[in-house]
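A.B. asks:
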Ligand code: SF4
Ligand code: SF4
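Numbering (this note's numbering), first residue to last: 13 to 151.
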């Protein structure tokens, strides 16, 4: 019997696909346990979902193939937080607030601030503290 794994995904739904019963089918037809932990519909009625799916590798792959039949963009890193490389002044204000060290001083000499997206836990603190609005989230 195949082992269950959990995968984090971010789905972006253009306006026309917001009503699609995608989660229902992932659960019912693809045997996946779905844990939605962030969702938003923008004023333009585009939708964002951050979710975990748990199931066998095969069921997850089949579920993703099913999602791809819709006009839905899948971000398999599940990350909604981005940093604008050009907008960042490397002031360092975010570094002390980042609990996971995703934002860190990469060079003691230049004080360059780097961002390791893999480490980000999406607490959104950097967005609140960045004076230059260099950090942003789909949420
Ligand atoms: S969202 Fe939180 S964890 Fe992610 S980079 Fe910003 S402060 Fe760090
Ligand atoms: S607070 Fe903003 S401008 Fe300053 S280092 Fe962090 S991301 Fe860059």
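Heads up, the beta-carbon is just placed ideally off N, CA and C, and yes, glycines get one too.
When you measure from the CB of residue 105 to every non-hydrogen atom of ligand 2, does any distance come out below 7 Å?
C.D. replies: Against the chain shown, residue 105 aligns to sequence position 93. Correct: residue 105 has its Cβ closer than 7 Å to ligand 2.
A.B. asks: In whole angstroms, what separates the C-alpha of residue 138 from that of residue 25?
C.D. replies: Position 126 of the chain shown, counted from the start, is the residue given in the question as residue 138. Position 13 of the chain shown, counted from the start, is the residue given in the question as residue 25. So the alpha carbons of these two residues sit roughly 26 Å apart.
A.B. asks: Go through the stretch 61-133 residue by residue and report every complete run of the beta strand (DSSP E) that reaches 3 residues or more, in order.
C.D. replies: 85-87, 93-95, 115-117 and 125-127
A.B. asks: Using 10 angstroms around the beta-carbon of residue 132, count the other beta-carbons present and answer buried if the total reaches 16, otherwise exposed.
C.D. replies: Mapped onto the chain shown, residue 132 falls at position 120. Residue 132 should be labelled buried.
A.B. asks: Going by C-alpha distance, which of 80, 81, 27 and 148 is nearest residue 56?
C.D. replies: Along the chain shown, one-based indexing puts residue 56 at 44. Answer by Cα proximity: 27.
A.B. asks: Sorry if obvious, but does the Cβ on residue 93 come closer than 7 Å to a heavy atom of ligand 2?
C.D. replies: Against the chain shown, residue 93 aligns to sequence position 81. No, since every heavy atom of ligand 2 falls outside the 7 Å radius drawn around the Cβ of residue 93.
A.B. asks: Taking 8 Å as the threshold (C-beta atoms), are residue 82 and residue 146 in contact?
C.D. replies: By one-based count along the chain shown, residue 146 stands at place 134. By one-based count along the chain shown, residue 82 stands at place 70. Cβ atoms of residue 146 and residue 82: not closer than 8 Å.
A.B. asks: Would you check if the stretch 38-46 and the stretch 58-71 touch, i.e. whether three or more CB-CB distances between them fall below 8 Å?
C.D. replies: yes
A.B. asks: Within 10 Å of its beta-carbon, does residue 41 have 16 or more other beta-carbons around it, so buried, or fewer, so exposed?
C.D. replies: On the chain shown, position 29 is the one that residue 41 refers to. Per the 10 Å Cβ criterion, exposed.
A.B. asks: Distance check for residue 15 and residue 99, CA to CA, integer angstroms please.
C.D. replies: As a position in the chain shown, residue 99 is number 87, starting the count at 1. As a position in the chain shown, residue 15 is number 3, starting the count at 1. In a straight line, the C-alpha of residue 99 is about 43 Å away from that of residue 15.
A.B. asks: Is residue 144 near ligand 2, going by C-beta to nearest heavy atom under 7 Å?
C.D. replies: As a working note, residue 144 is residue 132 in the chain shown. Indeed, a heavy atom of ligand 2 lies less than 7 Å from the Cβ.
A.B. asks: Since residue 93 contacts residue 134 with CB under 8 Å, what's their CB separation in whole angstroms?
C.D. replies: On the chain shown, position 81 is the one that residue 93 refers to. On the chain shown, position 122 is the one that residue 134 refers to. About 6 Å separates the beta carbons of residue 93 and residue 134, which is inside the 8 Å limit, making them a contact pair.
A.B. asks: Taking Cβ positions, are residue 141 and residue 109 nearer each other than 8 Å?
C.D. replies: Position 129 of the chain shown, counting from 1, holds the residue named residue 141. Position 97 of the chain shown, counting from 1, holds the residue named residue 109. For the pair residue 141 and residue 109, the CB atoms are nearer than the 8 Å cut-off.
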